[in-house]
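What follows is a single structure, written as C-alpha cells, with notes after it.
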C-alpha cells in the first residue's frame, strides 16, 4: 500500500510539472535571441572601425590641385596574408650577427660579450632582432605624390635642410622616410600609406596658421578619398601621419575619422587624451637634435641627486618646484638657468621629466643623451618604444602623487641598482637620436619598427 501511494504521488507530481518542460527548453533560446538583437542594435548604432563618416560634398577651404589619379577599384581583390609569427631564433655565430650589425652601424646590439647589451633592456631582444630584419627587408610605404609647384607644396614635401629645435622630430622623421628604401611608388605593394602633411609647417603657414589646420586636414582627406581607392577601402586604418607639436591634438577635429582609424605618430601620446589608442597609435619621442657625444659622458662626476629646470606651466611642475626648490640634494628650478643646461645634466645622477602642458617634453631624450637616468613624472604617458624597450631597466617612473616622496624613492635605489640603470642608459641612448642619414637602430628605424608592428593583416590587391 505504501508503495502504491508513493507511485501515485510521483505520477501526480510528474503531470503537474510536465507543462514546464517546453518553457524550460525555450528559455535559453529566448535569452540567446535577445542577446543577438542587442548586439545587432549596438553594431548599427555605433561607428565601426571601417565606416567613413565624412561630410557630404564639403565646402573645400583649399584646392590642393593634387596630381591625383582616379584609380579604379573594380579590380581590387582582398587576400589575407599571415602576420609575421613571433618565434625565437637560434643563436647565431658572432660573425653573422656582427656583419649585420655593422651594416646598421651598431655592432653592440647583436653581440654577446660582457661590454654589450644586457637582455633586460628589451622585452625580448631575439624577437626584436628577428622582426627588425624582416621589417627592414619587406616593409613598404606609399606616399601620396605632390609636386614642388603646388600651392601648398611646402606643407606636403619634406624639408630640404636639417631640422632643429624642440619639435624637430616630426620633420626629421618625414625627411628620413621620404629618402628611405621603405618607399614604394607602387601602391599595390604598400603595407601602409603616409599622409605627408606637416602639422609644424602648416602652423607657420600664413595662409593657414593654427586655427585653419583642421580645415586643411579635412579637405586633404576628402580629396584623396575621392581620387584614390586606398583610403576608402579600409576607412584609413592603413594610413598614418606624424606630428610633434601639441596643436596636432586639435588638427583632426574636422576629420575625426583620421583620429579614430589612422595610425597617429605623435609626440603628445597620452592615455588620458580622447582619441589616443596605444595599440593603434605610435609614440614619437620628442628630441632636441644634437651631434656627437658630450664631453665626460662616462666619467663625469654626478654630485647632485636629481635635477629639474623648466617653466612652471603645469600643476605638476609647480608642486615639484615648491616642494624641492630649497633642497640640498634635489635641484628644482623654475625658469631659465644661470648655469649651462648641459653641465647640470652631466652633474646629476637623476634628471627629472615633469609633465608640462603635455605629457611629453624633450627632457627624456636630453637625460639619455647626457647619460643621466630619467625620472618620469607624467601620468598616463604612453612612453616611446614601449613595445620594444623595458623602461624599468633604464629609468624611474613615478606618479605625480609620489612627488613629496621623491627623495626617499631615489635614495632607496642602491649603488648597484643605480650603476645598472646608468649602464643601460648608455646602451639605449642611441635609440633616441636623429641623424641626417638614419643609422642602425636610431630613432627613425625604431619608429619604423613600431609602424611595422601596426601594419594591417589584410592586404588588398
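Numbering (this note's numbering), first residue to last: 18 to 478.
Note that beta-carbon positions come from the ideal geometry of N, C-alpha and C, so glycine has one too.
Under 9 Å between the Cβ atoms of residue 367 and residue 341? No, the Cβ-Cβ distance between residue 367 and residue 341 is not below 9 Å.
Residues bridged to residue 1 [DSSP beta-bridge criterion]: With the chain represented from 18 up to 478, any question about residue 1 goes unanswered, as that position is not in the structure.
Determine the contact status of residue 304 and residue 395, defining contact as a CB-CB distance below 9 Å. No. Outside cutoff.
From residue 169 to residue 418, what does the alpha carbon distance come to, in whole angstroms? 46 Å
Any idea if residue 66 is buried or exposed, counting beta-carbon neighbours within 10 angstroms, 16 or more meaning buried? Bear in mind that a pLDDT of 37 at residue 66, under 50, signals an unreliable position, so the number given afterwards is only what the model happens to contain. So residue 66 counts as exposed.
For my contact list, residue 480 and residue 275 are in at a C-beta cut-off of 8 Å; report their separation, rounded to the angstrom. An answer regarding residue 480 cannot be provided, because it is not within the stretch 18 to 478 covered by the chain.
Specify, as a first and last residue, the run of the alpha helix (DSSP H) that residue 186 falls within. 185 to 195
Cβ-Cβ separation, residue 351 to residue 338 (assumed contact under 8 Å), whole Å: 5 Å
Could you tell me the alpha carbon to alpha carbon distance between residue 231 and residue 213, rounded to whole angstroms? 15 Å
Distance CB(residue 157)-CB(residue 225) smaller than 9 Å: Contact flag unset, no.
Could you please give me the residues that DSSP links to residue 327 through a beta bridge? In the DSSP assignment, residue 327 forms a beta bridge with 351.
State buried or exposed for residue 268, treating a residue as buried only when at least 16 other CB atoms are found within 10 Å of its CB. buried
Rounded C-alpha distance that separates residue 193 from residue 251: 26 Å
Does the beta-carbon of residue 256 have 16 or more other beta-carbons within 10 angstroms, so that it is buried, or is it exposed? buried
Bounding residues of the alpha helix (DSSP H) (the contiguous stretch that carries residue 239): 230 to 244
Given 8 Å as the limit, is there contact between the region 369 to 377 and the region 447 to 464, that is, 3 or more CB pairs closer than that? no
Only counting the same chain, and skipping five residues up and downstream in sequence, which positions put a Cβ closer than 6 Å to that of residue 189? Residues 180, 451 of the same chain have their beta carbon placed closer than 6 Å to that of residue 189, with the five preceding and five following residues left out of the count.
So residue 262 packs on residue 216, CB below 8 Å; how close in whole Å? 6 Å
Hey, out of 431, 154, 245, 164, whose CA is closest to residue 205's CA? 245
Residue 472 by DSSP, collapsed to three states: which one? coil
Check whether the Cβ atoms of residue 406 and residue 445 sit closer than 9 Å, and answer yes or no. yes
Straight-line Cα distance separating residue 448 from residue 459: 4 Å
In this structure, what does DSSP give as the bridge partners for residue 14? Because the chain spans 18 through 478 in this model, residue 14 falls outside it and cannot be assessed.
CA-CA distance, residue 195 and residue 461? 12 Å
Provide the residue span of the alpha helix (DSSP H) that contains residue 332, from first to last. 332 to 341
Count the other C-beta atoms from every protein chain shown that fall within 10 angstroms of the C-beta of residue 238, then say buried if there are 16 or more, exposed otherwise. buried
Inspect the beta-carbon positions of residue 438 and residue 282 and report whether they are closer than 9 Å. no
Tell me whether residue 240 is buried or exposed, calling it buried when 16 or more other Cβ atoms sit within 10 Å of its Cβ. buried
Shortest alpha-carbon distance to residue 280 belongs to which of 159, 197, 258, 207? 258
Please list the terminal residues of the continuous alpha helix (DSSP H) segment that includes residue 358. Element bounds for residue 358: 358 to 363.
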